[in-house]
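As structure tokens, the structure follows; a few thoughts come after it.
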């Protein structure tokens, strides 16, 4: 069935989370009231001059280090000229000739979990444009210049991505990296991570790439995936009919899941790049590069390596635990403190993760601390409270309450295992009398009924018995 | 190299300039003279000479990442040809989705 091989290249724009804009000191903040983060420079008043934000350069270099790009130590900026109302100067400051990072690669996992390396062409630094709002009923477009001049890195991949799934994996990996680095929130819905996809298809076995179509206007991972899928199908049916694909820019329509052409005269796009005379050239010394390299935190791949080898954790669990830097750090610290790696995994991937998902927050945004989770693990290990009681009754308090200590909570809420319950046997005897058919069924081989007896026993005793001892007692009684 | 009428029209479009028909001949002449004048430079042997991109010897004109600059919204909007008190207003630049 598959007669055509798709080839995809991505252009990813990532807003850098600096305090101020890239060429002037307006605040860089998402969600401010319209046109409140503006200045004479971002509005391009005559005579104003840009000055480069040092942190923006450092952020871009960090990204380059992680992607194993070669860093351009000498560079300058270029003007990209075009007229559009979101661009007050009539040109965008960007890097055409000397992108800050050249080449590089990013490792992703495909749908089967297999590693793939995606080659990068470059990463360059530039300024974002303002935001245009087009209201259906109005004959005007409204412009908000808060975003004009926000620092962006544009990361361009080689045309090497083989399908929509890999494209999304790459975006997820990129988001993870920028979040670990703390250089962007990587939020597609807020537009801090934006992606254009160049899609082409060619008959299988042909070396040459087909005519490429650029697809824009996707603001979620799912949209990127659907837009690419649609585009591959659309181009396939064009070739199928013996027609030629037109190289053009198309927009993704969220409602229909289709792409449509922009109907602009592409041939009139003539950017006339030339070096920006208002910014001096930049030279990044080796010493500065070394300093920046030192600021790079532990990355997800390094955490995964450590978790698998040092803590003997399953690869899938390691992947889940490194989805965010906060969770990975937290897990690492609990492991170091508690030494019970297995319990740390169970707690964090189980009850903690469900809480975080439900609240849609990161672990450092809750009141749970490394010390208190370690203490909770400890009292479970000491058989002072059962895991299920600890996770359903104690953990919620640790999330909501700043100071509560697990053992005190256990005592206060009367949850600790009561060693003095030596009448487990009595309870068990009652149960055996209560469910004669179940006992017979168990004896006939329905061993799964043990769970039901355990549940009943826990209910009767309020969970305050040692589950191990309880299960042994039930087993002994059933099998006698 | 010769500037043709088509090139002139393209340059005018890129700069969003309207040129009256009676201005064309004069502009074509001027542009061609400028080209000829600059082409004179081609006679200089520049083998082994690094291109000069910037006329200054200054490098690394950085700014620390501090948000200190702000223009009040009203002051920013004041100089715009059109605004609604919150947004700059321009003629609609997007075509409605064609069905």
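Residue numbers (the working numbering), protein chains in the order written: chain A, 1 to 480; chain B, 1001 to 1099. Backbone N, C-alpha and C define an ideal beta-carbon position, used for all residues, glycine too. Source: prediction; values computed, not measured.
| Item | Value |
| --- | --- |
| Among 1039(B), 1007(B), 1014(B) and 1073(B), nearest to residue 1024(B) - alpha-carbon criterion | 1007(B) |
| Contact set between residue 1068(B) and chain A, taken where Cβ atoms lie within less than 7 angstroms | 25 |
| Beta carbon proximity, residue 1008(B) to chain A, threshold 8 angstroms | no |
| Buried or exposed by the 16-neighbour rule on C-beta atoms within 10 Å, applied to residue 115(A) | exposed |
| Chain B within 8 angstroms of residue 143(A), Cβ atoms only | yes |
| Beta-carbon proximity of residue 1094(B) to residue 309(A), cut-off 8 angstroms | no |
| One or two residues paired with residue 291(A) in a DSSP bridge | Looking at the DSSP assignment, residue 291(A) forms no beta bridge with any residue, so it has no partner. |
| Residue 355(A): first and last residue of the uninterrupted alpha helix (DSSP H) it sits in | 353-359 |
| Alpha-carbon spacing of residue 1034(B) relative to residue 1026(B), whole angstroms | 12 angstroms |
| Residue 258(A) (DSSP reduced to helix, strand or coil) | strand |
| Cβ-based contacts, 8 angstroms cut-off: residues of the stretch 81-113 of chain A near chain B | 81, 83, 84 and 85 |
| Own chain partners of residue 439(A) with C-beta closer than 7 angstroms, once the 5 adjacent residues on each side are dropped | 432 and 478 |
| Cβ contact (3+ pairs, closer than 8 angstroms) linking the stretch 223-230 of chain A and the stretch 241-260 of chain A | yes |
| Test: residue 467(A) CB closer than 8 angstroms to a CB of chain B | no |
| Whether residue 106(A) touches residue 174(A) by CB criterion (8 angstroms) | yes |
| Per-residue contacts from residue 270(A) into chain B (C-beta, under 9 angstroms) | 1010 and 1014 |
| Residue 95(A), buried or exposed, once every other Cβ within 10 Å from all chains shown has been counted against 16 | buried |
| Reference residue 32(A); option with closest CA among 3(A), 144(A) and 444(A) | 144(A) |
| Host alpha helix (DSSP H) of residue 406(A) (start-end) | 406-412 |
| Contact under 8 angstroms by Cβ, residue 377(A) with residue 410(A) | no |
| Same chain, Cβ closer than 8 angstroms to residue 367(A), five either side skipped, listed in chain order | 398, 399, 400, 401 and 402 |
| Length of the line joining the Cα atoms of residue 1053(B) and residue 86(A) | 28 angstroms |
| Residues of the stretch 47-70 of chain A with Cβ closer than 8 angstroms to any Cβ of chain B, in chain order | 51, 52, 53, 54, 55, 56 and 57 |
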